[in-house]
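Numbering (the numbering used here), first residue to last: 6 to 321.
Presented below is the structure to which this report refers.
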């Protein structure tokens with residue numbers, strides 16, 4: 006445990022020292038991962054699959070705020086969808102504009118969650134997002150996470166129905182528009198997963214703010230249970246089923262990621278908890294103080310020993 010705490014202190018000091026460099030690198034990595042996922046799942050426009058295009062967009066996004074990466078990724082996705090179907094691209098553009106208005110109207114600031122959430126779904130660990138957001142975010146973060154879930158299922162719809170969307174002769178244009186809108190917006194699986202993420206964020210956020218020992222660990226476990234319950238209810242009511250093996254593996258991996266986040270962000274020593282009571286003219290105050298787990302990093306000094314004097318004495 007001591008070695009882990011020392012490593013944590015080194016990482017914190019390293020981040021504090023090189024924060025100006027680390028942030029652009031993180032934005033670059035986020036952009037590259039987002040463009041790679043889009044090219045892998047809906048890479049229908051050949052020109053955008055050129056490695057230089059994601060590289061240049063990621064470099065541009067690294068020098069700008071996270072909102073720029075989200076904007077580039079949205080344009081990137083619309084261009085790929087346009088290569089499949091103009092109608093689908095138009096509908097996707099309108100829906101994404103609605104999502105953007107909803108997001109920027111209620112929760113500007115966590116836009117990177119709209120990229121991380123679809124990527125977490127693609128990596129089969131979608132349950133990690135509610136746990137991490139509940140630990141480090143706020144209740145309003147439900148909005149960008151829900152928008153991210155919607156974007157993921159929009160991408161999956163295009164991927165699974167590319168052949169049908171390309172065929173323009175078999176279906177009337179009005180019927181085609183209505184069918185696309187109905188399939189995208191009234192997807193039962195998507196609704197269940199949005200409810201799952203919302204329930205996970207709500208439970209984790211409320212429990213980790215309580216004055217309990219090991220509140221963050223309890224919140225992680227409760228968040229996993231809450232997500233499992235919502236999925237089981239969705240299976241029972243709407244017939245939305247998730248493979249058991251994939252569900253358990255994704256939930257376990259998500260819980261481990263949340264515990265790692267807990268260790269690096271909120272590691273405290275409950276054995277040294279102190280309770281303080283004081284008052285002023287209007288109130289009595291009862292304060293619970295829990296010290297953080299800290300360890301002094303070893304200060305290693307390397308002393309250079311010169312051999313010139315020693316060799317001179319030996320000659321004498």
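Just so you know, even glycine gets a beta-carbon here, dropped at the ideal spot from N, CA and C.
Are the CB atoms of residue 236 and residue 322 within a distance shorter than 8 Å? Absent from the model: residue 322. The displayed extent of the chain is 6 to 321, so no value can be given.
Roughly how many whole angstroms lie between the Cα atoms of residue 130 and residue 51? 29 Å
Could you give the distance in angstroms between the alpha-carbon of residue 268 and the alpha-carbon of residue 142? 16 Å
Using the Cβ count rule (16 or more neighbours within 10 Å means buried), how would you classify residue 82? buried
If you measure from the beta carbon of residue 190 to each beta carbon in chain B, is any gap under 8 Å? Note that chain B does not occur in the displayed structure, where there is just one protein chain.
Short Cβ contact (8 Å threshold) for residue 256 with residue 233: yes
Write down every uninterrupted run of the alpha helix (DSSP H) in the segment 10-93 whose length is 4 residues or greater and which is fully enclosed by it, in chain order. Considered as a whole, the segment 10-93 harbours 24-47, 57-67, 71-89 as its complete alpha helix (DSSP H) runs of no fewer than 4 residues, in chain order.
Consult DSSP for residue 289 and reduce its assignment to one of helix, strand or coil. strand
Please classify residue 32 as buried or exposed, where buried requires at least 16 other C-beta atoms within 10 Å of its C-beta. Residue 32 should be labelled buried.
Measuring alpha carbon to alpha carbon, tell me which of 293, 128, 286, 94 ends up nearest residue 277. 293
Can you list, in chain order, the residues of its chain whose CB lies under 8 Å from that of residue 254, leaving out five sequence neighbours each side? 129
Residues near residue 68 in its chain [Cβ-Cβ closer than 7 Å; skip 5 each side]: 29
Contact check, residue 288 vs residue 282, beta carbons under 8 Å: no
So what does DSSP say about residue 247, is it helix, strand or coil? coil
Own chain, CB closer than 7 Å to residue 19, minus 5 neighbours either side, in chain order: Cβ within range, chain order: n/a, list empty.
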